[in-house]
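Okay, structure first, notes after.
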Amino acid sequence: MRPYHTLWACLLSIGLTSHVFAQEESSTQENANNALSTASVSDDKPAIDDTTTTATSKHPRLTALKELKHVTKNDLKVNANAAQPDAVKDPLQPLNREVYAFNDMLDRNIFRPIAVQYKEKTPEDVRSSYSLFRKNLSEPWNAVNQLAQGRFSRAAKSLGRFTINTVTSLGMADPATRLGLATEEESLGMTLGYYGVPSGPYLMLPILGPSTIRHVGDYVAEGYANPITYPMDDNGQTGLIWGNRVLGGINTRAKLLDVESVLQGDRYAAIRDIYLQRLAFQIAEKKGKGEEAVAFVDDEDESDDVTSPDDSTDSNTQQ
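Numbering (this note's numbering), first residue to last: 3 to 321.
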């Protein structure tokens, strides 16, 4: 039996029981929380529910940005009080802007026209199934990072997702979400951030786009972590590997077509700030501090988040 056959067998075997373990662990933790809440002397503080649900329910724009769906101009507002000076977060800005100009030239002349044709000619159901297929292939790597973070229950859910979606639909549908096993994006850079490794300066990479020093290794790591890499490479089908990567890039660019129209003013700064704040929120969310990292301004909460008219003006200027 070849090594990748053993790997697949192990993943499927673990995944078949991992979602049960995750549910049992969640129930145990919930019972413990309820017991602590009951035994507490003061009842005026409500028990803390799932951080992700709380943060996203109070800040629905996070969901729009994370899923790249139904994004409007207001979704891109950021709290000026939470922003770092450019000299701190983007010391390489002159070089980054040159790379961005190069990327923008390629995008306008090559990538965007291809993405437009891809979106027009490919049925939405096909594009959605392909997106789910690629997302499902990332679940084993998500689980590895979650194990490295010590989040064993979350890793069990990721393996459960992978098994259920693979067995039922080869990953082209997502019945696991309907069973309560939602996905959670992971990467090597996020795991390093989880343990407090600084992100380092912001980088605009040629063709690949936004990144940071901490996350620059994600592309290499995820390439090796993709489960289909090994059987295809072993059979000499490297062309299919690269074809999948190129098609994945086109598919991602097609998703961004609806978002680009709401980017106004300094597009480079807008892309940078959205990327960095989304990254900071994702890492804080894994630590259970998602609400503390929310820097997006909701219309109904704007008076609370932005403390002065000058700050509000600065925030609008950044759009």
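Glycine included, each C-beta is placed from N, C-alpha and C at the ideal position.
All of these numbers come straight from a predicted model, not from anything done at the bench.
Return the first residue and the last residue of the beta strand (DSSP E) that residue i is part of.
| i | result |
| --- | --- |
| P229 | Neither: P229 is in no beta strand (DSSP E) and is coded neither H nor E. |
| Y325 | The structure shown has nothing for residue 325, since the chain only spans 3 to 321. |
| G211 | G211 to T214 |
| M107 | Element bounds for M107: not the beta strand (DSSP E) but the alpha helix (DSSP H), Q95 to L108. |
| L259 | Careful: L259 lies outside any beta strand (DSSP E), inside the alpha helix (DSSP H) at L259 to E262. |
| L205 | Y204 to L207 |
Report, in whole angstroms, the separation of the C-beta atoms of residue i and residue j, which I expect to be a contact under 8 Å.
| i | j | result |
| --- | --- | --- |
| G191 | H217 | 3 Å |
| A184 | G162 | Actually they are not in contact, since the Cβ atoms of A184 and G162 sit about 11 Å apart, beyond 8 Å. |
| R247 | A117 | With a Cβ gap of about 15 Å, R247 and A117 do not count as contacting. |
| M107 | F135 | About 31 Å separates the two Cβ atoms, so there is no contact after all. |
| M206 | N98 | 4 Å |
| S322 | A145 | Since the first residue of the chain shown is 3 and the last is 321, residue 322 is not available in this structure. |
| L253 | S133 | According to the sequence as given, residue 253 is Asn; it is not Leu. Going by Cβ atoms, the distance from N253 to S133 rounds to 6 Å, so yes, they are a contact pair. |
| I285 | Y196 | 6 Å |
Should residue i be labelled buried (16 or more other beta-carbon atoms within 10 Å of its own) or exposed?
| i | result |
| --- | --- |
| Y270 | buried |
| I209 | exposed |
| F104 | exposed |
| W244 | exposed |
Would you tell me roughly how many angstroms separate the C-alpha atoms of residue i and residue j, rounded to the nearest one?
| i | j | result |
| --- | --- | --- |
| T168 | G267 | 43 Å |
| F164 | S131 | 15 Å |
| T170 | V128 | 17 Å |
| Y1 | I166 | The structure shown does not extend to residue 1, since the chain spans only 3 to 321, so no value can be given for it. |
| N147 | T193 | 6 Å |
| V261 | P233 | 36 Å |
| Y221 | S213 | 10 Å |
| D109 | E122 | 17 Å |
| K288 | R180 | 22 Å |
| K257 | N138 | 18 Å |
| R153 | G290 | 12 Å |
| G182 | I273 | 32 Å |
| Y102 | Q239 | 33 Å |
| P115 | S155 | 43 Å |
Between which two residues does the alpha helix (DSSP H) holding residue i run?
| i | result |
| --- | --- |
| K288 | R269 to K288 |
| D88 | D88 to K91 |
Practice task
Please specify which runs of the alpha helix (DSSP H), each continuous and at least 4 residues long, are wholly inside the segment 131-201, giving them in chain order.
Solution key: 141-150, 154-171, 177-180 and 190-196
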